[in-house]
Amino acid sequence: MSTEPSAGIAGPATIRLRHLKQAKEQGRPFAMLTAYDQFAAKAFEAAGVEVLLVGDSVGTTVLGYDSTTSTTHQDMLTFTGAVARSVTRPLVVADLAFGTYEAGPDDALRHSVELVRAGAGAVKLEGGEEVAPQVRALARAGIPVFGHLGFTPQSVNSLSGHRVQGRDPEGAQKMREDALALQSAGAAAIVLELVPAAVAASVTASLAVPTIGIGAGPDCDGQVLVWQDMAGLSGFQGKFVKTFAQLRPQLERAAQQYRAEVAERSYPGPEHSFE
Ligand code: KIV
1116 MSTEPSAGIA GPATIRLRHL KQAKEQGRPF AMLTAYDQFA AKAFEAAGVE
1166 VLLVGDSVGT TVLGYDSTTS TTHQDMLTFT GAVARSVTRP LVVADLAFGT
1216 YEAGPDDALR HSVELVRAGA GAVKLEGGEE VAPQVRALAR AGIPVFGHLG
1266 FTPQSVNSLS GHRVQGRDPE GAQKMREDAL ALQSAGAAAI VLELVPAAVA
1316 ASVTASLAVP TIGIGAGPDC DGQVLVWQDM AGLSGFQGKF VKTFAQLRPQ
1366 LERAAQQYRA EVAERSYPGP EHSFE
């Protein structure tokens, strides 16, 4: 596969914040995918994906936790390092784990510095104007920070499950205010998750920094998906997910074939054996 992206952000050897901003200004949507390991990260880089998110979703997709609230800072350091060592072009964004930034700017700064040392080019945290002091502290320290509004998975318990946010006029207005507060504090981009398309479009239009949607319609400046959903490995088929491959049945077929050939002694053959 070509390493030259055909659309989105073409050209730079390393994707930086200014390229995402330019893409917004030029109306060229860019792609973000989660990545947690070297082979997936390298495949997405080869495909031209501009931003890799080492999401705290590593807890639910890789580590078998029920919720991202169980993902630890140490998990984030381990998987951020794995992805950052594996790619050179995409911007690598790492989530601040639940419990590592809510207490205040000092906590957020300490944990973000460790994520940057592990290789993150930016960090992401969830919440609106209540986390603006944290965003301001990180931006002042020179750490690019992404916000995350709408459905914020670390608050799954207080949001009463995975629900679309901002459906009512008050909720939509609060989201616009939160987005502006994050931008004023220095956020470099804002993820919008499970947001009505019209609300996401109006938030996007009101901001100078890019929005990145997941279940937030077509008018965000970029889109993000959890890679195992995108590639049909997880089996998750939420309304907003399009599966661009069917890896789960392919993997099952490969493992079945392997097992059958082991059982009948046709694998390993002479070509796989040493003299
Ligand atoms: O952790 C994650 O995968 C995320 C995406 C849902 C945006 O935050």
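Okay, so the sequence shown: first residue is 1116 according to the numbering used here, each after it adds one. Backbone N, C-alpha and C fix where the C-beta goes; we use that ideal spot for every residue, glycine too.
Do you know whose CA, among 1372, 1281, 1139 and 1240, lies nearest residue 1311's CA? For the purposes of this step, residue 1311 is identified with residue 196 of the sequence shown, where counting begins at 1. Looking at the Cα atoms, 1281 is the closest of the given residues.
Using beta-carbon positions only, say whether residue 1148 and residue 1159 come within less than 7 Å of one another. Within the sequence shown, residue 1148 is the residue found at index 33, counting from 1. Within the sequence shown, residue 1159 is the residue found at index 44, counting from 1. Yes.
Per DSSP, residue 1322 forms a beta bridge with which residues? As a first step, residue 1322 is located in the sequence shown; it is residue number 207 there, counting from the start. Per DSSP, none; premise fails for residue 1322.
Relative to ligand 1, is the shortest distance from any of its heavy atoms to the C-beta of residue 1339 smaller than 6 Å? Stepping through the sequence shown from its first residue, residue 1339 is reached at position 224. Residue 1339: yes, Cβ under 6 Å from ligand 1.
Buried or exposed: which applies to residue 1240, given that a residue is buried once 16 or more other Cβ atoms fall within 10 Å of its Cβ? Locating residue 1240 in the sequence shown gives position 125, counting from the first residue. Per the 10 Å Cβ criterion, buried.
For residue 1118 and residue 1384, I'd like the C-alpha separation in whole angstroms. Sequence index remark: in the sequence shown, residue 1118 carries index 3 (1-based). Sequence index remark: in the sequence shown, residue 1384 carries index 269 (1-based). The pLDDT assigned to residue 1118 is 44, lower than 50, so where the model puts this residue is not dependable, and the model offers no usable value.
Across the segment 1134 to 1145 and the segment 1233 to 1252, are there enough close Cβ pairs to call them in contact, namely three or more that are closer than 8 Å? no
Where does residue 1145 fall in DSSP's three states? Translated into positions along the sequence shown, residue 1145 becomes position 30. Of the three classes helix, strand and coil, the one that applies to residue 1145 here is strand, per DSSP.
Could you check where the beta strand (DSSP E) with residue 1136 kicks off and where it finishes? Translated into positions along the sequence shown, residue 1136 becomes position 21. No beta strand (DSSP E) contains residue 1136, which is instead part of the alpha helix (DSSP H) from 1132 to 1140.
How many Å lie between residue 1184 and residue 1252 at the Cα? Start at 1 with the first residue of the sequence shown, and residue 1184 comes out as number 69. Start at 1 with the first residue of the sequence shown, and residue 1252 comes out as number 137. Approximately 23 Å between the Cα atoms of the pair.
Taking all protein chains shown into account, decide if residue 1389 is buried (16 or more other Cβ within 10 angstroms of its Cβ) or exposed. Walking along the sequence shown from the start, residue 1389 turns up at place 274. So residue 1389 counts as exposed.
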